[in-house]
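To start, the structure itself, in structure tokens.
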Amino acid sequence: MENNHIENNKVLNYSLDSFPCGALITNSSRIITYINSYFTNQLLWKPNYLIGKSVDILFTQSSRIFFQSYLIPTLLHEKTCEEMQLIILNADGQRIPITVNASLSVDGSIYWSLFNASKRDQLYEELIKTRETLEIQAEKLKLLASTDELTELLNRREMKHRSSLMLEQAARSHYSVSLLMLDVDHFKKINDTMGHVEGDRVLKKLGQLLKGFGRKTDLISRFGGEEFLIMLPDTNKSDTLLLCHRLHKLIAEIKVGNSSLTVSIGLSICDKKISFTDLFTQADNAMYKAKALGRNRTEIDCSNH
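First residue of the sequence shown: 26, per my numbering; consecutive thereafter.
As structure tokens, then:
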């Protein structure tokens, strides 16, 4: 019988030594009673050094805390643990990520299998980096789809979408919304006499000025050609007119040849539920009125206020 037991142990040891992972047995006090050859060949530990030592010797401090506070209680309760992520140390002190599986026997012994997870961690890192790259690319595509290339302001489609949402919110919250339509005066003349490069410079400069002038809550867009829209939430008539006055003065600082740039502004203010199309039409009509009355001025449509 004793010979059979010795033979069985030899067969077991041989089988465990052929495993491509660490096999470990600890007693009820978590003292190491057996390690397979993986610990010697891959982790460089000498068997005589580990046998009789606490299993804690194998883990980093953070893994030891997790091991004692979570893994062991789970093992005692469930009798088994699967795919726990820990960091193990080899004999040279090198940190190696591992996946641990363990089962608790009736006599309190714990049977451990340890799989090197370095490549999986590398895969995770690569996947995380790939995801981050895709998210950045998606953000860039979203930005390209929603902004005007020349001025980097919102484009027409995005402005209509966000403005509609803002108007819905304003109606629910019962605050007023102002919409400004700015049209560059004599822009065709700028293009015809100074060229499209100069025309683009003027539009870009105006876009930068409007972006710096607006609040974070304002919506600012190049709505088409030389037309710009600004939607101001929770802004009353007097404040909006004061803002338009300041805009005229600031825009005049942009020089086109020896002259100052001017714009005609149409303003519509609403404190009740209204569609973007209707508010836009009113601001557009007010802008054409400003053009007809001599340009470089602001006109207001008061039908909603």
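Ideal placement from N, C-alpha and C gives every residue a C-beta, glycine not left out.
What number of angstroms, rounded off, separates the C-alpha of residue 210 from the C-alpha of residue 203?
-> 22 Å
Buried or exposed: which applies to residue 131, given that a residue is buried once 16 or more other Cβ atoms fall within 10 Å of its Cβ?
-> exposed
Those residues which DSSP pairs with residue 120 across a bridge | 114
Please name the residue or residues paired with residue 249 in a DSSP beta bridge.
-> In the DSSP output, where bridge partners are listed per residue, residue 249 has 252.
Report the option in 213, 255, 242 and 196 whose CA atom is closest to the CA atom of residue 232.
-> 255
Per-residue burial, residue 247 [other beta carbons within 10 Å of its own, 16 or more giving buried] = buried
Kindly list the residues whose CB is nearer than 6 Å to the CB of residue 80, restricted to its own chain and excluding five residues on each side of it in sequence; keep chain order.
-> Residues of the same chain with a CB within less than 6 Å of the CB of residue 80, apart from the 5 flanking positions on each side, are 51, 55 and 57 in chain order.
Can you tell me whether residue 319 is buried or exposed, with buried defined as 16 or more other CB within 10 angstroms of its CB?
-> Residue 319 comes out exposed.
For residue 183, the first and last residue of its enclosing alpha helix (DSSP H) = Note, residue 183: alpha helix (DSSP H), 181-198.
6 Å Cβ shell around residue 313 - same chain, five flanking residues per side excluded = none
Rounded separation between residue 167 and residue 70 - CA only | 54 Å
Element boundaries [beta strand (DSSP E), containing residue 140] = 135-141
Contact set for residue 143: own chain, Cβ-Cβ below 7 Å, skip 5 residues either direction = 121 and 122
Run through DSSP, which three-state label would residue 227 get?
-> helix
What is the rounded straight-line gap between the Cα of residue 63 and the Cα of residue 161?
-> Looking at the backbone, the Cα of residue 63 and that of residue 161 are separated by about 42 Å.
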